[in-house]
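To convert a position in the sequence shown, counted from 1, into my numbering, add 92.
Beta carbons are placed, not taken as given, at the ideal position from N, Cα and C, and that holds for glycine.
Structure record follows, encoded as structure tokens.
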Amino acid sequence: MIGMFRIQQFVQNVVKRPTFAIFPRVRNFTEKPLDVNTNVVKDVILFKYDNPRFFKIINIFAGCQFLFWSYLSVFAYTRLRDAPVDHSQETTWWRKINLGENKYRNALTLISFIIGYGILSVTWMFTLRSVRYLVLHQGGQNLSFVTYTPLGKNRIFTVSLKNVNCKESRSVATSQLPIKVKGHYLHYILDMRGEFKNPTLFDHTAGLRRKWRTAA
């Protein structure tokens, strides 16, 4: 009897025991300071990517490609002649093509020029959109972009900070960080191999994502 009583008591305790534990809800808050003094007393370099040799090489390559494809375009237009071909069944298909015919000659001329011009344009655009220095001016209201140019010199322009929109966070960017400037086509590129001189100040100025109001 005593054994049966102990078994019943054990079963009752198991049934009454809750199947899950209740833990107090804990909310974690970041201790990153929200109030950052962006009113700098002097000009501050936020970002630096000093690699002129790379851009010099790719622009020389693009220039050589443009000259090559341009020469090929001129050669196709001036040297290809309209010559008779054999259209018999014994002739292979590629021997039946008359490259001197107007439609083929003009097509080769146009395609060759487009390829060369396209390579040069893409390379120049990439160079002009690659940021070398990012400078926050005194007072923290204006930002200067110093970009590379195809001829090796620097291109500098200054915009208001409210017209700068960083598309993603610096902490999640892998290879490049795109920044949009209001009124400018395409994005400016910050290569992540560069150096952020003042990461905290960058995150609270140029690194912010801003929403611009469009005119109704």
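Asked, Found
"I believe A168 touches R197 by the beta-carbon criterion, under 8 Å. Please report the beta-carbon distance rounded to the nearest angstrom.", "6 Å"
"Mind listing, in chain order, the continuous beta strand (DSSP E) runs of no fewer than 3 residues lying wholly within the segment 232 to 306?", "234 to 240, 246 to 252, 256 to 258, 268 to 273, 280 to 283"
"Once DSSP output is grouped into helix, strand and coil, what is the label at R173?", "coil"
"Under 6 Å Cβ to Cβ from I150, same chain only, skipping five residues before and after it: list those, please.", "T215"
"Mind checking which residues open and close the alpha helix (DSSP H) that includes V223?", "Unbroken run through V223 is the beta strand (DSSP E), 223 to 228; no alpha helix (DSSP H)."
"Let's test the definition: count the other Cβ atoms within 10 Å of the Cβ of G231 and tell me whether it reaches 16, buried, or not, exposed.", "exposed"
"Kindly indicate which three-state DSSP category V136 falls into: helix, strand or coil?", "strand"
"If you compare alpha carbons, which of Y141, Y163, L235, G210 is closest to K134?", "L235"
"Is the segment 158 to 173 close to the segment 199 to 214, with three or more CB pairs under 8 Å?", "yes"
"Please report the straight-line C-alpha distance between E287 and L200, rounded to a whole angstrom.", "45 Å"
"Where does Y196 fall in DSSP's three states?", "helix"
"Can you give me the Cβ contacts of L278 inside the same chain, cut-off strictly under 8 Å, excluding the 5 residues immediately before and after it?", "M217, R221"
"Would you tell me roughly how many angstroms separate the C-alpha atoms of Y240 and I281, rounded to the nearest one?", "11 Å"
"Does the beta-carbon distance from A298 to F139 come in below 9 Å?", "yes"
"Would you kindly work out how many angstroms separate the C-alpha atoms of P270 and H296, rounded to a whole number?", "16 Å"
"Pick helix, strand or coil for T130, following the three-state DSSP scheme.", "coil"
"Helix, strand or coil for N151? Go by DSSP, reduced to three states.", "helix"
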